[in-house]
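Chains as they are written, first to last, in my numbering: chain R, 170 to 473; chain W, 3 to 275; chain X, 3 to 275; chain F, 89 to 370; chain Z, 4 to 322. The beta-carbon is built from N, C-alpha and C at its ideal position, and this holds for glycine as well. Inspection log for the structure reproduced underneath, given as structure tokens.
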Amino acid sequence: MTALSPAIEQFEINYAAARKSALRTSRLSIILFAACFLGASWIGGFFDMTDVTLPDGARVSMWKIWAGLPRLGEYLYKTLPVLHWETLGTDIANWFWRWKVWLELLIETILIAYMATFLGVIGAFLLSFPASRNLAPNDFVLNATRRYLEIVRTVPELVWALIFVFCFGVGPLAGVLAIGLHATGALGKLYSEANENADMRQVEGIKASGGSWFDQVRYGIVPQVVPNIISYTLLRFEINVRASSIIGFVGAGGLGQEIRVAMSLQEYTDLSALFLIIFVTVILIDTISEKVRHRIIGLTGQGV
Amino acid sequence: MLVVEQLSKVFGDLTAVDGVSLAIPKGQMVGVIGRSGAGKSTLLRMINRLTDPTRGSIDNEGQDVTALKGHDLRLWRASCAMIFQQFNLIDRMDVLTNVMVGRIAHTGFARSMLRSFTDQDRVRAIQALDRLDLVPQALQRAGTLSGGQQQRVAIAKALVQNPSIMLADEPIASLDPANAVRVMEALRSINRTDGLTVLVNLHTLDTARSYCDRIVAMKDGRVHFDGAPRALTTEKVRAIYGTDDLSDEINEAVTSTSLQTGSCRPQRQAVGT
Amino acid sequence: MLVVEQLSKVFGDLTAVDGVSLAIPKGQMVGVIGRSGAGKSTLLRMINRLTDPTRGSIDNEGQDVTALKGHDLRLWRASCAMIFQQFNLIDRMDVLTNVMVGRIAHTGFARSMLRSFTDQDRVRAIQALDRLDLVPQALQRAGTLSGGQQQRVAIAKALVQNPSIMLADEPIASLDPANAVRVMEALRSINRTDGLTVLVNLHTLDTARSYCDRIVAMKDGRVHFDGAPRALTTEKVRAIYGTDDLSDEINEAVTSTSLQTGSCRPQRQAVGT
Amino acid sequence: EGWKDQYKTIKFGILSGENEKDRIARYTPFEKYLENQLGVEVEIFTAGSYDGVIQAIAADQIEFAFFGSSSYAAAYTETNGGVVPLVSRLQKDGSTGYFSVIAVRCDSGLSSLEDLKGKTLAFADPDSTSGYAVPYFNLSKQGYDPKTYFGATPFSGAHETGVLGVYNKQYDAAATYITNETNGIPQRMVTKGMIDEGSICTIWKSPEITSGPLAARANLPEDMIADMRKTVMDIPENDTLAFIEMTGGKDSTQDGWIEVDHDRYQWIVDMRDWLKKQRRGG
Amino acid sequence: MEKVTRDLDTARRQVPGAFESPRKKRLIHAGGWTAFALLTCWCLWAFDFSPSRIVNGITRFGGVLSFMFPPHIWETWGEWQEILKGLGETVAMAFMGTFLGAIVAFPLAYLGAKNIMPVSWFRLGVRRGFDSLRAVEQIILALIFIRAFGLGPLAGILAIAVSEVGTLSKLFSEAIENTSKKPADGVRASGAGNLQTVRFAILPQALPVILSIILYNFESNTRSGTILGIVGAGGIGFLLADRISAYRWPEAWTIIFLIIFTVYLIDGFSGFFAPAYHRREGKWQVMKTFKPVSGKRRLSGPRSSGAKGSRPSTSFQPD
Ligand SMILES: Nc1ncnc2c1ncn2[C@@H]1O[C@H](COP(=O)(O)OP(=O)(O)OP(=O)(O)O)[C@@H](O)[C@H]1O
Ligand SMILES: Nc1ncnc2c1ncn2[C@@H]1O[C@H](COP(=O)(O)OP(=O)(O)OP(=O)(O)O)[C@@H](O)[C@H]1O
Ligand SMILES: [Mg+2]
Ligand SMILES: [Mg+2]
């Protein structure tokens, strides 16, 4: 190597310093993380021992996870239907014996999820603009909406459901409101993040033409964030469909309730049938979501 | 007459614009040049009131612009149209809507939220697009246009605002030379035909020389030169831009986007072929 | 000697490159010009094997490039470095790592997964950066650099690949004129000093004229002109680019980014002052 | 003592029960008490659902559990009789169980099952013994098939919400439970101010539902089961504080325990089978 | 007046589409909106959204809210201990569940990303696999693990982890698909193999998004966590549900405030953990877009501009 240029000498110094600090940071974070991990796994019982009875009747102490691994499939196995090739038709009919009821409940569930998502989207959409740092007219509005969104999102759907059942009485109404309110919070955060990542130049373009705050949002932000909004919304819709067990809790029926009944009556094969029904629904929503999003992104012409 | 008096803008510790005073007669085409960070954009943004001045006043035809608020402020913004380097169009909406947005200050709340502009606005927008040869693209999404087309859409939008002043912040910096020529020609034609005052920030000296009646050079937030293009000598240019790291003489041509108009073209032509 | 023989690439219905044959002696600096969509990028990408040719062969110093696979293919890619219009750097990693990525074909799996390059690679990288005046930025994140700096990082990365051929796909199209000059100068210096073969796609004719030993013009996937810059007359240019909507004569200067080197500079200087 | 060598820790499953008091009751003193008395370690899991505890006991993951009567029956079926009941609750008034009732608004003019024909009857929750299984079973046995006799039989989700629904006139009647004339869901809701005194009346009452038992896995050593039975029976005397704490705190109404056997619960097992058949049949 | 009509006619002729959209499009629009409105109204009716009920409910809700202040303060240490322990357990378990889920999801996500796994039948199969994990009710997952590992946090954590695998893989895949192809080309052109390309070009782009997805899901698992209660692992969600079932509103509100506070702490802590990748970063760039980014965007033609900025940047999971 020839004589080092001053720039390289300076670099060597900087590099050594940067390396040292990077090493320190990474060591510190690894240690911290390892501590969190160990603590959490200890609380979570990952290191626990357990006594098990061996097939020969002896009791031994074993690592819990090791002892449990062979039994992992037990519950699943019970949910499998007995299907024979020769009698496939009747076996499947037996398996899905309640399909009429389930279909009805599925529709009910989807409608409830739809309504809840609808309410959640309206609330989240309207509030996401004042809750975005780059759009809020002032700090007070920003903080007020943000706190509100935080509270409604922090309280789980189940808890809102219990509260609303107390307030609005029993029935889908309480469930819809509960899921809707929670969705407002969860979506509001995601929407406002999308808003914050939007290109502010477009907003400036509107502002410079004399547009009011509403115009700036309507023309500067909304067209940019619509694909995000749609994809978040459909994802939320899927989650809300799955949240139907909570609606079941407040007496609105839905597939979740059917799952609970099947569980408590030990109708195991019903569980796998219900799983398939929900699975198909989730796939449908997932596929539609993909399609719609791509269409909106690729839309030429008038936009939104 | 647009009169800017002792206008300053302070960002934290930094005085981006420092006591600028200018009087710009109606119908003049003014080029503002200066190094990056000299305060050119900030000056234009203050005139449009996108940025509020820290000190100083802006007065247009006797109207105190710095005091405007609410709806009057929005009307002022509409009457001094602004064009940006990155066009700042609504990428996802069609060209026509983008142009009609120029009418937004005069559109009611409900109508603007529903995106239902009047037929009159529509006609106006189509006429403006026609003027800039963009009618065929009217229903295309703005984001799918080329840079030069987008900048012309921005100009069309500015036109339908029916402005008395046109502010352009480095309108050609993102464009390739061919489109840059188109856009500068459009600005000049507006200035000449409609008699609009045009203030245009430029990085490229030769463009400023070719198109502007008057050049204002800024340095560190202050006006460092103000006069006819002819009066801008090499020494003055060197003082404005400071020394460059490329060569020890200021090589003006390097910063050029070579919009070869006027006297320069024939010579280049000769070299090229 | 890099020999391309009847090289074609078909995308669906579209023949992007159509039977191109070229023989490029070692150490030549070749400029490839042509309209957008002429197939320039596709040609370069096929030489680097980023895109697989539909037909035809590439042969470098007797090695059949089209037949390469696996590790040999990776070594070939490393030995013909590629520079992109949009720099294609890893924005979130520091400049030094970006440059060291040039050594990736010679880095073992474990080392590269852990991002731990050898000291030797690091020294090489820092020397390359030094050559391009980028050492002070070595620890900055690549995404925070200016366009010209990023392109020079890309060149540094290409250099540490220790290539025998350098392919550059419109390396200056995203750059402002000053940076464009820096980047083209760097390419030329690599060509002259290290004797590397350089193939560079250019939009701007005058840049090609100023820097290249030989110009290849493509049109609709075919080679339409291949010769010394001098031989490229106005008629030929018109045929390559087709008619323009700006003026009835092809105004070559308009597409220029005015890298005023060589004979052009003094004249412009005279005009400017 | 043999079993203590084999079972160094005893795992206890507890359901946070139908009864509001059980919900927030604390079992720590109980745990301490057991550890002292038996000399082995005790782990207590308070679970929110029957299903988890039933699966756990069926998979030999826990040794003992406090069940509701219906969940005991479920566990019995699930394990093919692999659980044995040890003790159940004895209330201060001497009762050993509770009753399903059908509640209506007193001012509704409804006074018997006959009046309810075609009306809406809300069951509490399909998991609930007193809010669903018992009234459904008994009404059917008495000739009022809930599916056809009533206009609609929705689930309200919980006992309180069902009664609240009646109070708000959403439902004509709701199935819930009372322990005795002074203690039960409607009475407690009056105390809490959720409904007005004297606004809710009951028009039907089921046979007594024996309180759920403390049950053990049948495959445990016999002396271990016996020891546990004795230890629990003795809490009221040996550790009154722990007893009060685990039965609902200061307003606990429980007096002690009684020994029970499976026969006491067989009818509930039968009832569940019947319900299952009903469901399949319909 | 006449000039106005003439102008209008000229404009109409020039851009007919500006004045009315094609009939078919209008019909589809009208039909869509009508169906939407009808469905919504029908739902409102079916779910009994009567005004009187709403008013009544809101009045009662006001009552519930009024219990918020003053917050309930537990008197004995034992009670505090129970709550704090619940919080601690919940955080620890959400952490473990999310972390384990993320570890498994991370490699799987690549198999479901279009730009990494071009074999479409395989990719779609993998994606359906993610869907199937999400379709299993969490309680069922919990029961599966209870049979193997008994009551307690372990079963809860694993249940969370498995369903997180389903959600996280999907979201990670999307994040990976949303990365720019350019750095990948750049790295590949230097002779990198497939894994090296992923390591140097895809990962640095996707990782910040992936981390923020993980953090968001961690937070939301902290909030809900009722599943843990069902398996007998305690947790704050269960304690909260118990308080509400017993109509102890003031206590319930205090627990809610404590959860919010905890989520804040996590947020702050994670910000400290990964400052380089923290989400705020993106926001700073938003401010910076006012400045011309020299040469970074070349908007010269439809091809270059069509691709930019149109896809959702970070699509992550609403909890
Ligand atoms: N919003 C802001 N906050 C803080 N500083 C700012 C802001 N806007 C501009 N500045 C600073 O003010 C100074 C002047 O900026 P301005 O954009 O007006 O310069 P310019 O002449 O337009 O430069 P360029 O040619 O790069 O656009 C710069 O130093 C800039 O960093
Ligand atoms: N991956 C691809 N799939 C389909 N078509 C492609 C693909 N890559 C390039 N093309 C098409 O092949 C043709 C040649 O493209 P290429 O990028 O090589 O042109 P170019 O000369 O580099 O143009 P430019 O100057 O715009 O970069 C174009 O019509 C382009 O649309
Ligand atoms: Mg500027
Ligand atoms: Mg190209």
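Look up residue i in the DSSP assignment and say whether it is helix, strand or coil.
i: residue 195 of chain Z; result: coil
i: residue 218 of chain R; result: strand
i: residue 150 of chain W; result: helix
i: residue 212 of chain F; result: coil
i: residue 237 of chain R; result: helix
i: residue 307 of chain R; result: coil
i: residue 216 of chain W; result: strand
i: residue 152 of chain F; result: strand
Residue j and residue i - do their beta-carbons sit closer together than 8 angstroms?
i: residue 188 of chain F; j: residue 297 of chain F; result: yes
i: residue 139 of chain Z; j: residue 444 of chain R; result: yes
i: residue 384 of chain R; j: residue 106 of chain W; result: yes
i: residue 330 of chain F; j: residue 117 of chain F; result: yes
i: residue 301 of chain F; j: residue 348 of chain F; result: yes
In whole angstroms, give me the CA-to-CA distance for residue i and residue j.
i: residue 64 of chain X; j: residue 51 of chain X; result: 17 angstroms
i: residue 102 of chain W; j: residue 124 of chain W; result: 7 angstroms
i: residue 57 of chain X; j: residue 115 of chain Z; result: 32 angstroms
i: residue 235 of chain R; j: residue 446 of chain R; result: 34 angstroms
i: residue 144 of chain X; j: residue 94 of chain X; result: 6 angstroms
i: residue 304 of chain F; j: residue 151 of chain F; result: 6 angstroms
i: residue 164 of chain F; j: residue 282 of chain F; result: 37 angstroms
i: residue 207 of chain X; j: residue 171 of chain W; result: 29 angstroms
i: residue 332 of chain R; j: residue 273 of chain R; result: 27 angstroms
Note down, in chain order, each residue of its chain lying with its Cβ closer than 8 angstroms to the Cβ of residue i, except the 5 sequence neighbours on either side.
i: residue 214 of chain F; result: 220, 243
i: residue 136 of chain W; result: 97, 151, 154, 155, 158
i: residue 282 of chain R; result: 348, 406, 409, 410, 412, 413
i: residue 185 of chain X; result: 150, 153, 154, 157, 173, 174, 177
By a C-beta neighbour count over all protein chains shown, 10 Å radius and 16 as the cutoff for buried, is residue i buried or exposed?
i: residue 271 of chain R; result: buried
i: residue 72 of chain Z; result: exposed
i: residue 277 of chain F; result: buried
i: residue 1 of chain Z; result: Residue 1 of chain Z lies beyond the range of chain Z shown here (4 to 322); nothing can be said about it.
i: residue 197 of chain X; result: exposed
i: residue 173 of chain Z; result: buried
i: residue 230 of chain F; result: exposed
Short of 6 angstroms in beta carbon distance, which residues of its chain neighbour residue i, apart from the five on each side in sequence? Order them along the chain.
i: residue 21 of chain W; result: 8, 10
i: residue 92 of chain F; result: 128
i: residue 204 of chain Z; result: 186, 187, 190
i: residue 340 of chain F; result: 332
i: residue 178 of chain Z; result: 209, 212, 213
Considering only residues of the same chain and omitting the five flanking positions on each side of residue i, which have a CB-CB separation below 7 angstroms?
i: residue 255 of chain Z; result: 243, 246, 247
i: residue 41 of chain W; result: 18, 19, 220, 223
i: residue 271 of chain F; result: 341
i: residue 139 of chain X; result: 97, 147, 151
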